[in-house]
Amino acid sequence: MPWCLSMSSPFRVRFAPSPTGYLHVGGARTALFNWLLARRTGGKFILRIEDTDQARNTPEAMKAIFDGLRWLGLDWDEGPEVGGDHGPYFQSQRQSIYDAYFQKLVEAGRTYTEENGAVRFKFSRQPILIPDLVCGDVQFAATEEPDMTIRRPDGSYIFHFVNVVDDIEMRMTHVIRGEDHLSNTWKHIDLYHALGAEPPRFGHIPLLLNPSGSKMSKRDEGASIESYIQAGFLPQAVFNYLCLLGWTPKTETEKITQEQAVALFDVSDIHHSNARFDMTKCTWLNQQHLRDLSGAALIAHVRPWLEKDGLIIGDEGYAALALESVKEKVSMASEFTPWVHYFFREDFPIEDEVMAKLKANAQSPALLAALSAGLKQAASWDEAGITAAVTDVATEQKVKAGALMPLLRFSMSGQTRGPDVKIMIGILGKERALARIERLSNLL
RNA sequence: GACCCCUUCGUCUAACGGUUAGGACACAUCCCUUUCACGGAUGCGAUACGAGUUCGAUUCUCGUAGGGGUCGCCA
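Everything in the first sequence is counted per this note's numbering, starting at 418 for the first residue and increasing by one.
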């Protein structure tokens, strides 16, 4: 049994972003691991907005955080738009709480005021041990750093202070965060002790690096969650890929569902070293998940991109067949259009390559005419009936059936790539198929 | 500069003292095939370096090098 299930009190973990940009992929993964821990243990996942820096906060950034987390399926049990017993969940609304805790520190004699009014916290200057869930015991010697400022001259508080106060007030039991915080954690523990509180269990997860090995920055491909939404990724695929960066589920395949991740997650399995981001593998995983979609779900996922490209989905049953016929050939929602556009319009272009191939063979017009006549006689308009009709034409024209297939493909789609020809013809229907052979013949 | 974390194929990783160091992505070749893809097969390819402990180190210890992080009146 994982260590986490043997503990009695319910876990309380949080994600505490500051709304100063977009939702960063590294932050999303931190949120993901916290969420997994909560869901795995039946605990609570809390969202807290650290918006103490009024100058840099934006409503857009706040929306990006909410949208991004929800898109990934990381729902929070307490926090903005949800509520909870430990609110408010915006630091900008918790000034009085901070004032009260600050007073405790003053009374304990652990503060002093600078000439300009800023207030510093007196470090205990004792060695401090961090029993880290991921890194193990990390020992910091008594510090020689200057005491830490916790309150500005204007009365507002610094990150380290509000972060600790909120984690105490919100009853956090575990803090899973990026390893970039490890070097400051002893300061937080010092604060917990000064406030007479028991520190939570810490777990510092490795950082996400870009392909060249440095910390993911704003400009790096895939840095914002929004970019995945816009690129046509499936949230379950991005969720899956993020799981794989820093953690290995003990499964046969790397493709896992959210449910599997929840069932298998264990903090003690989190890796110790940083991981580089690989968009190619993320894309591959998207393809794997895309194949699981069908019918209405597939249409819902792809529709925005088809409509953006001017294609109109009429009958959903027809559209589902069209999309399913090519879903294994693409890896992203944004890639469907060139594979399916001819299903949704009659005026599709005929590629130059197609015309060249047709004109290179003097038999093309005769074969097209024969196919038209043969298909008109097809006993049934399904794969078997179409196959039989084409075979008959091939026999009669003394060619291999394989030689006729490209002609049909060209007629139906005007291009060289697409789904299986018989499937394609079946979906289009007899009337349209014959009309398209006619149309191509007239162009020769 | 001080302190902290890390180091297995190009990338993500498996191995918790004993394996011909395994898998996935990528790449290459082949098979399948009307196209593209999927699928299947094969190939390519790694324990940073140096000591030590041990019968035996990818695994434990130390050193070196390299990478990352922290040291704000940012979060």
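For glycine and all other residues, C-beta sits at the position ideal for the given N, C-alpha and C.
Buried or exposed by the 16-neighbour rule on C-beta atoms within 10 Å, applied to residue i
i, result
"residue 729", "exposed"
"residue 529", "exposed"
"residue 796", "exposed"
"residue 580", "buried"
"residue 812", "exposed"
"residue 608", "buried"
"residue 500", "exposed"
"residue 472", "exposed"
"residue 636", "exposed"
"residue 668", "exposed"
"residue 481", "buried"
"residue 783", "exposed"
"residue 653", "buried"
"residue 422", "Its pLDDT being 45, under 50, residue 422 is placed unreliably by the model, and the measurement read from it follows with that caveat. Classification of residue 422: exposed, given that the 10 Å Cβ count is below 16."
"residue 831", "buried"
"residue 468", "buried"
"residue 447", "buried"
"residue 711", "exposed"
"residue 657", "buried"
"residue 727", "exposed"
Cβ neighbours of residue i in the same chain (closer than 6 Å, five flanking residues each side left out)
i, result
"residue 506", "465, 496 and 497"
"residue 568", "536 and 574"
"residue 419", "Legend: pLDDT at residue 419 = 44, less than 50; position of this residue unreliable, no value from coordinates given."
"residue 815", "none"
"residue 628", "693"
"residue 412", "Coverage of the chain is limited to positions 418 through 861, which leaves residue 412 absent and any answer about it impossible."
"residue 443", "625 and 633"
"residue 457", "679 and 682"
"residue 606", "545 and 616"
The alpha helix (DSSP H) enclosing residue i, as first and last residue numbers
i, result
"residue 431", "No alpha helix (DSSP H) contains residue 431, which is instead part of the beta strand (DSSP E) from 429-432."
"residue 827", "818-830"
"residue 833", "Where residue 833 is concerned, there is no enclosing alpha helix (DSSP H), given that its DSSP letter is neither H nor E."
"residue 450", "442-458"
"residue 439", "Segment: none, residue 439 is in no alpha helix (DSSP H) and carries neither H nor E."
"residue 515", "512-524"
"residue 609", "602-611"
"residue 848", "847-860"
Limits of the unbroken beta strand (DSSP E) element including residue i
i, result
"residue 461", "461-464"
"residue 548", "545-549"
"residue 536", "536-538"
"residue 700", "That residue, residue 700, is in no beta strand (DSSP E); its alpha helix (DSSP H) goes 696-707."
"residue 529", "528-530"
Nearest neighbour of residue i, chosen from the options [CA to CA]
i, options, result
"residue 733", "747, 674, 718 and 745", "718"
"residue 454", "815, 683, 600 and 800", "683"
"residue 491", "526, 534, 440 and 533", "440"
"residue 659", "818, 746, 672 and 459", "672"
"residue 459", "680, 646 and 504", "680"
"residue 790", "844, 852, 493 and 475", "852"
"residue 462", "438, 522, 431 and 764", "431"
"residue 695", "716, 714, 633 and 722", "633"
"residue 845", "542, 803 and 819", "803"
"residue 736", "751, 716, 777 and 744", "716"
"residue 470", "836, 772 and 510", "510"
"residue 854", "825, 838 and 707", "825"
"residue 801", "843, 650 and 775", "843"
"residue 886", "655, 807, 526 and 565", "Nothing can be reported for residue 886, as the shown portion of the chain is limited to 418 through 861."
Proximal residues to residue i (C-beta, below 7 Å), its chain only, five neighbours per side dropped
i, result
"residue 619", "547, 549, 550, 592 and 602"
"residue 514", "582 and 586"
"residue 646", "488"
"residue 950", "For residue 950 there is no data in the structure shown, the boundaries of the chain being 418 and 861."
"residue 809", "791"
"residue 747", "753 and 756"
"residue 860", "767"
"residue 850", "792, 829 and 842"
Heavy atom of the ligand GTP within 6 Å of residue i beta-carbon
i, result
"residue 654", "As for the ligand GTP, it is missing from this structure, which has no ligand bound."
Cutoff 8 Å; reference residue i; Cβ partners in own chain excluding five residues on either side
i, result
"residue 554", "546, 547 and 548"
"residue 437", "470, 473, 474, 475 and 478"
"residue 524", "none"
"residue 701", "748"
Exercise. Which runs of the alpha helix (DSSP H) spanning at least 4 residues fall entirely within the segment 553-600, listed in chain order?
Worked result: For the segment 553-600, whole alpha helix (DSSP H) runs of length 4 or above, ordered along the chain, are 576-586.
Problem set entry | 4 or more residues per run - each alpha helix (DSSP H) lying fully within the segment 619-692 | Under the rule that a run must span 4 or more residues, the alpha helix (DSSP H) segments found entirely inside the segment 619-692 read 642-648, 652-661 and 675-681.
For this session: Only counting runs of 4 or more residues, tell me where the alpha helix (DSSP H) segments fall wholly within the segment 721-801, in order along the chain.
Result: Qualifying alpha helix (DSSP H) stretches, in chain order: 733-741, 754-757, 769-777 and 781-793.
For this session: Ignoring anything shorter than 3 residues or poking outside the segment 460-501, list the beta strand (DSSP E) runs there in chain order.
Result: 461-464
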